[in-house]
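Chains as they are written, first to last, in the numbering used here: chain P, 1 to 191; chain L, 1 to 191.
Take a look at the structure:
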């Protein structure tokens, strides 16, 4: 029988750069299972939610906006930071309403994934919202000018082929939601 | 006709924290299309490649390892940093050999995606390698103890359902490679 893979032990953490809530850099001193000690930078960013939201007639809610991280215009799914102390599902409901003016009564959770395997960054909470309906005008309060587009499955695939998804979280949301086996395997009703 | 979405202009960039090559923090002064000026933190991390590598009999090459960013053991696809000045495809071939001992003569590129829509982080270059064959013993030189596992499609889906993928780049690689329409739409032979 193979021995289990052991976690690394955190011996020390010291702050290196603090621009909270946006960003904090820490240096951790870690002990590996074989006894070696190493220093690792850890990047603390804000956890976020991202939503594959679709209407009853099967159109997905996409936002087209300039995203400075990508240095270009990209299609993105509704997404946003989880406020301190906020439940991720509550954040998803809030962001969906703010960014699109839509609400849903049928939410699926696809799980939580860290952005960086070494430096962590933050956690992405991935959701699907079905049967979305418009109840208000969008009012995101974000810096970006966002344009809401309701796209069919065929239009989503064509947009991806055309390079209109620039950011990995939106690409992952798209590929997961459109891969039925994995969507079923990972999806859990969450309210 | 709708006006195009305008990019933000970078008026200034100043270094805030430097731990290159691992990490650099900059503060950019940006001008929005409406004339407002804002400051944005930018995180410069190392670009990386990630590979859905499969053998001629359709088994994917996975690594099981403790990943400190996730604080737990995770399945990951072969991946690694692109060295300074290195071509991403060359980095992919190098990392595949180092981490698994396998090589491939049939490479597909799925495109490049930024990790963070606001703070950028780095770019993930996503590849598929077909018909992989073992030519050497793995010798990654990484800190992590890695265990190579060759998984069928059914085993990949079961592992995902069991929460064994902790990191978004590996989840995205999995869902993209297993979604035939999107894999076809995004894939380009690259050598």
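Every residue gets a Cβ at the ideal spot worked out from N, C-alpha and C, and that includes glycine.
In this text the structure is predicted, and so the values were computed from the model without any measurement.
Item	Value
Quick one: what's residue 107 of chain L bridged to in DSSP?	L:129
Where in the stretch 68 to 99 of chain P do unbroken runs of the alpha helix (DSSP H), each at least 4 residues long, occur, reported from the N-terminal end onward?	none
In terms of residues, what are the limits of the alpha helix (DSSP H) holding residue 154 of chain L?	153 to 161
Helix, strand or coil for residue 13 of chain L, going by three-state DSSP, please let me know.	strand
Listed from N- to C-terminal order along the chain, which residues in the stretch 104 to 128 of chain L have their beta-carbon within a distance smaller than 8 Å of any beta-carbon of chain P?	111, 113, 114, 115, 116, 117, 118, 119, 120, 121 and 124
Whole angstroms is fine: what's the gap from residue 80 of chain L's alpha carbon to residue 38 of chain L's?	34 Å
Hey, how far is the Cα of residue 159 of chain P from the Cα of residue 165 of chain P?	7 Å
Leaving out the 5 sequence neighbours to the left and right, which residues in its chain are closer than 8 Å to residue 23 of chain L when beta-carbon positions are compared?	17, 43, 44 and 45
In the DSSP output, what is residue 60 of chain P paired with across the bridge?	P:54 and P:151
Between which two residues does the beta strand (DSSP E) carrying residue 32 of chain L extend?	Here residue 32 of chain L belongs to no beta strand (DSSP E), and DSSP marks it neither H nor E.
What are the boundary residues of the alpha helix (DSSP H) that residue 181 of chain P is part of?	180 to 186
Would residue 128 of chain L pass as a contact of residue 175 of chain P if the rule is Cβ separation under 7 Å?	no
If you count every other CB in all the chains shown that lies within 10 Å of the CB of residue 63 of chain L, and 16 or more means buried, which is it?	buried
Can you list the residues of chain C that residue 190 of chain P reaches, using a CB-CB cut of under 7 Å?	Any reference to chain C falls outside this structure, whose protein chains are P and L.
Which residues in the same chain have their Cβ closer than 6 Å to the Cβ of residue 55 of chain L, if we skip the five residues on either side of it in sequence?	132
May I ask you to report which of helix, strand or coil DSSP gives residue 174 of chain P?	helix
Is residue 80 of chain P close to chain L? Criterion is C-beta to C-beta, closer than 7 Å.	no
Hey, does residue 187 of chain L have any beta-carbon neighbour from chain P nearer than 7 Å?	no
At a Cβ threshold of 7 Å, is residue 172 of chain P touching chain L?	yes
Does the distance from the C-beta atom of residue 89 of chain L to that of residue 190 of chain L stay below 7 Å?	yes
Is there a Cβ from chain L that is less than 7 Å from the Cβ of residue 135 of chain P?	no
Can you list, in chain order, the residues of its chain whose CB lies under 7 Å from that of residue 173 of chain P, leaving out five sequence neighbours each side?	50, 52, 77 and 126
Taking the beta strand (DSSP E) that residue 194 of chain P belongs to, which residues open and close that run?	Nothing can be reported for residue 194 of chain P, as the shown portion of chain P is limited to 1 through 191.
Distance check for residue 134 of chain L and residue 58 of chain L, CA to CA, integer angstroms please.	14 Å
Using the Cα positions of residue 87 of chain L and residue 34 of chain P, report the straight-line distance between them to the nearest angstrom.	34 Å
Taking residue 64 of chain P as the query, report the chain L residues whose CB atoms sit under 9 Å from its CB, ordered along the chain.	5
Could you tell me whether the Cβ atoms of residue 157 of chain L and residue 185 of chain P are closer together than 7 Å?	yes
To the nearest angstrom, how far is it from the Cα of residue 13 of chain P to the Cα of residue 25 of chain P?	10 Å
Does the beta carbon of residue 161 of chain P come closer than 7 Å to any beta carbon on chain L?	yes
Would you mind telling me which residues of chain P sit closer than 9 Å to residue 145 of chain L, beta carbon to beta carbon, in chain order?	5, 6, 32, 33 and 34
Would you list the one or two residues that DSSP bridges to residue 167 of chain L?	P:114
Going by alpha carbons, who is nearest to residue 112 of chain L out of P:15, P:161, P:4 and P:120?	P:161
From what residue to what residue does the beta strand (DSSP E) around residue 43 of chain P run?	37 to 44
With residue 170 of chain P and residue 75 of chain P assumed to form a contact (beta carbons below 8 Å), what rounded beta-carbon distance in angstroms separates them?	7 Å
Please report how far the alpha carbon of residue 188 of chain P lies from the alpha carbon of residue 94 of chain P, in whole angstroms.	20 Å
Counting only beta-carbon atoms, is residue 46 of chain L nearer than 7 Å to chain P?	no
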